Amino acid sequence: MELREIDKVTIPLVSIITPTFNHRLYIAEAITSVIEQTFEDWELIIIDDGSFDNTPEIVKKFQNPKIHFYQQEHKGIYRLSEIYNFALDLAKGELIAILEGDDKWPQNKLEKQAYLFHEDPEIIFSWGQGEIIDSQGRKITRMATVQSADLRVDFSDRETLQILYRFNFLTPTSTVMVRKSALKNIGGFHQPPGTVFLDYPTWLILAAHSKGKFTFLNTLLGYWRTSQTQVTVSRAKEMYISHDKVFVYFYQHLQDLQSQQASYDSDLEANFQFYKARVFLDEKNWPKARVNFLKCLSNKGLKNRQKIFSAIGLLSSFLKIDLISFARWIKRNSPFAFSHERIKR
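In the working numbering, the protein residues as written are 1322 to 1666.
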């Protein structure tokens, strides 16, 4: 994408939220990738969640008036929304970007996206290709959740919500930029109780209650570091359970707000029953899991794949063994499994 020369005053300030915890090996690289951006109208809000390594000392070495550093007692991954919303309240920019303390950006990331938002006021959310790297910064693979020959692909809020029912394609978060006003309108970042992430539930609620475009840029916008200590690697079981809880939370959220967006998916009621049953199974509440899986199997709106898993769940409730988690493990480790789903446009 070629960028026209535009008076910098007209381009909104970008507020960057950077949560960090024990990232001494990577935090300097993350900060440097912000300082070296070709787009200069940014502020970096770093929230240290009680690191017990020398992460704070490394951050303090960066003497830059655009970097704002805050330290707090450790809250942990089950209270991520408190960290993110604290930073969101501090943000002065109209646009919000996310850069976790062990990730980094290509130099033109902010320029490409800030110009995009300036050019099209209907855009409320943007993301793009991410590159997964190892602890040494070596490329593992390129990640693009949208397969298209076009440089820019727009999704309506309705399309976005329908796809999010299937999986989180607004990822990785290091590539994301979102209008602050849209986030504020939904009450900031959302993290259902007992879950270990907040991006998925937040994007679901954003798509359900916002009017505007979700725009994919078919270019590299972020690096996502993976390591054995990362939540997505070391807490795979909790990630699965969190996924189930997210859908129960989301459905209840729609009911509470009486959102008309719920009509976007005629199977939403059936999906809710299915995920509610899985949460009971995750919690080893066998009787309630059994009742809800039976309701699922009698629901004509349930998809075939979910009917199969409901049957497995029902059997699990009698055997008192979580066979669904075992089936998930097989799917995840199958040599025929894809690393991630993609939307073709």
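Ideal Cβ placement from N, Cα and C applies to all residues, glycine included.
Just so you know, these numbers come straight off a predicted model, no measurement behind them.
query = Any idea if Pro-1522 is buried or exposed, counting beta-carbon neighbours within 10 angstroms, 16 or more meaning buried?
reply = Translated into positions along the sequence shown, residue 1522 becomes position 201. Classification of Pro-1522: buried, given that the 10 Å Cβ count is 16 or more.
query = In three-state terms, what does DSSP make of Gln-1582?
reply = Taking the first residue of the sequence shown as 1, we reach residue 1582 at position 261. Note that Gln-1582 scores a pLDDT of 46, beneath 50, so its modelled location is shaky; the value from the coordinates is reported in the next line. If DSSP states are grouped into helix, strand and coil, Gln-1582 belongs with the helices.
request  = With distances taken Cα to Cα, identify the nearest neighbour of Phe-1535 among Lys-1381, Leu-1640, Lys-1624 and Asp-1441.
outcome  = For the purposes of this step, residue 1535 is taken as the residue at position 214 of the sequence shown. Among Lys-1381, Leu-1640, Lys-1624 and Asp-1441, the Cα nearest to that of Phe-1535 is on Asp-1441.
Assigned secondary structure, Leu-1278 (DSSP; H/G/I helix, E/B strand, else coil) = Given a span of 1322 to 1666 for the chain in the structure shown, any question on residue 1278 remains unanswerable.
message = Can you list, in chain order, the residues of its chain with a C-beta nearer than 8 Å to that of Thr-1359? Leave out the 5 residues immediately preceding and following it.
response = Position 38 of the sequence shown, counted from the start, is the residue given in the question as residue 1359. These residues qualify, in order along the chain: Gln-1428, Asn-1429, Leu-1431 and Glu-1432.
task = For chain D, find out if any of its Cβ atoms is closer than 8 Å to the Cβ of Gln-1457; answer yes or no.
result = Within the model displayed, chain D is absent; a lone protein chain is all it includes.
inquiry  = Whole angstroms are fine: how far does the CA of Val-1380 sit from the CA of Asp-1369?
reply    = Sequence index remark: in the sequence shown, residue 1369 carries index 48 (1-based). Sequence index remark: in the sequence shown, residue 1380 carries index 59 (1-based). If you take the alpha carbons of Asp-1369 and Val-1380, they lie about 9 Å apart.
request  = Please state whether DSSP places Arg-1626 in a helix, a strand or coil.
outcome  = As a position in the sequence shown, residue 1626 is number 305, starting the count at 1. Of the three classes helix, strand and coil, the one that applies to Arg-1626 here is helix, per DSSP.
query = Taking the continuous beta strand (DSSP E) assigned at Asp-1370, which residues delimit it?
reply = As a working note, residue 1370 is residue 49 in the sequence shown. It spans 1363-1370 - the beta strand (DSSP E) in which Asp-1370 sits, taken as one unbroken run.
task = With a floor of 3 residues, list each beta strand (DSSP E) that falls wholly inside the segment 1415-1500, ordered by position along the chain.
result = 1416-1419, 1444-1454, 1460-1464, 1473-1477 and 1498-1500
inquiry  = Could you pull the DSSP bridge partners for Gln-1392 from this structure?
reply    = Residue numbering aside, residue 1392 sits at position 71 when the sequence shown is read from its first letter. Answer by DSSP bridge pairing, in chain order: Asp-1369.
request  = Please name the residue or residues paired with Pro-1340 in a DSSP beta bridge.
outcome  = For this step, residue 1340 is matched to residue 19 along the sequence shown. For Pro-1340, which the question treats as bridged, DSSP gives the partners Ile-1368.
request  = Could you tell me how far apart the beta carbons of Arg-1546 and Tyr-1347 are, in whole angstroms, since I believe they sit closer than 8 Å?
outcome  = Taking the sequence shown and counting its residues from 1, one reaches residue 1546 at position 225. Taking the sequence shown and counting its residues from 1, one reaches residue 1347 at position 26. 7 Å between Cβ atoms; contact.
message = Quick check: the Cα distance between Ala-1349 and Asn-1375, rounded to an integer number of angstroms?
response = Your numbering for residue 1349 matches position 28 in the sequence shown. Your numbering for residue 1375 matches position 54 in the sequence shown. So the alpha carbons of these two residues sit roughly 11 Å apart.
request  = Starting from the Cα of Lys-1694, find the closest Cα among Thr-1492, Ile-1484 and Lys-1425 and give me that residue.
outcome  = The chain is shown only over 1322 to 1666; residue 1694 falls outside these bounds and no answer can be derived.
task = Using beta-carbon positions only, say whether Ile-1404 and Lys-1413 come within less than 8 Å of one another.
result = Counted from its first residue, the sequence shown places residue 1404 at position 83. Counted from its first residue, the sequence shown places residue 1413 at position 92. Their beta carbons are not under 8 Å apart, which means Ile-1404 does not touch Lys-1413 by this criterion.
query = Which term fits Leu-1640, buried or exposed, when burial requires 16 or more other beta carbons within 10 angstroms of its beta carbon?
reply = The sequence position of residue 1640 within the sequence shown is 319, counting from 1. Exposed: under 16 other Cβ atoms inside 10 Å.
message = I need the straight-line Cα distance from Gln-1573 to Tyr-1596, nearest angstrom please.
response = For the purposes of this step, residue 1573 is identified with residue 252 of the sequence shown, where counting begins at 1. For the purposes of this step, residue 1596 is identified with residue 275 of the sequence shown, where counting begins at 1. Rounded to the nearest angstrom, the two C-alpha atoms are 12 Å apart.
query = Would a C-beta distance cut-off of 8 Å place Ser-1531 and Ile-1445 closer than the cut-off?
reply = Numbered from its first residue, the sequence shown carries residue 1531 at position 210. Numbered from its first residue, the sequence shown carries residue 1445 at position 124. A contact, by the Cβ cut-off of 8 Å.
request  = Count the other CB atoms, across all protein chains shown, that sit within 10 Å of the CB of Ile-1338; report buried if there are 16 or more and exposed otherwise.
outcome  = For this step, residue 1338 is matched to residue 17 along the sequence shown. Buried, because 16 or more other Cβ atoms sit within 10 Å of the Cβ of Ile-1338.
inquiry  = Could you tell me the alpha carbon to alpha carbon distance between Gly-1508 and Arg-1599, rounded to whole angstroms?
reply    = For this step, residue 1508 is matched to residue 187 along the sequence shown. For this step, residue 1599 is matched to residue 278 along the sequence shown. Taking the straight line joining both Cα atoms gives about 27 Å.
key: Residues bridged to Val-1335 (per DSSP)   = The residue given as residue 1335 occupies position 14 in the sequence shown. Bridge partners of Val-1335: Trp-1363 and Leu-1416.
ask   = Which residue comes first and which comes last in the alpha helix (DSSP H) that contains Lys-1609?
value = Your numbering for residue 1609 matches position 288 in the sequence shown. Looking at the DSSP string, the run of the alpha helix (DSSP H) that includes Lys-1609 is 1607-1618.
message = So, for Asp-1471: in the same chain, excluding its five sequence neighbours on each side, which residues have a beta-carbon less than 8 Å away from its beta-carbon?
response = Taking the first residue of the sequence shown as position 1, residue 1471 is located at position 150. Only Asn-1539 and Arg-1666 meet the Cβ criterion.
query = How should Glu-1443 be labelled, buried or exposed, when 16 other C-beta atoms within 10 angstroms of its C-beta is the threshold for buried?
reply = As a position in the sequence shown, residue 1443 is number 122, starting the count at 1. Classification for Glu-1443: exposed.
task = Can you grab the Cα-Cα spacing for the pair Leu-1504 / Asn-1406, in whole Å?
result = Sequence index remark: in the sequence shown, residue 1504 carries index 183 (1-based). Sequence index remark: in the sequence shown, residue 1406 carries index 85 (1-based). Roughly 10 Å separates the two Cα atoms.
ask   = Under a three-way DSSP split, which group does Ile-1664 fall into?
value = Residue 1664 sits at position 343 when you count from the first residue of the sequence shown. It is a strand residue.
request  = Give a yes or no on whether the C-beta atoms belonging to Thr-1492 and Val-1567 are separated by under 8 Å.
outcome  = Within the sequence shown, residue 1492 is the residue found at index 171, counting from 1. Within the sequence shown, residue 1567 is the residue found at index 246, counting from 1. Cβ atoms of Thr-1492 and Val-1567: not closer than 8 Å.
message = Classify Phe-1510: buried if its beta carbon has 16 or more other beta carbons within 10 angstroms, exposed otherwise.
response = For this step, residue 1510 is matched to residue 189 along the sequence shown. That one is buried.
task = Under the assumption that Gly-1451 contacts Ala-1351 (Cβ atoms under 8 Å), give the Cβ distance between them as a whole number of angstroms.
result = Translated into positions along the sequence shown, residue 1451 becomes position 130. Translated into positions along the sequence shown, residue 1351 becomes position 30. Not confirmed; about 14 Å, so no contact.
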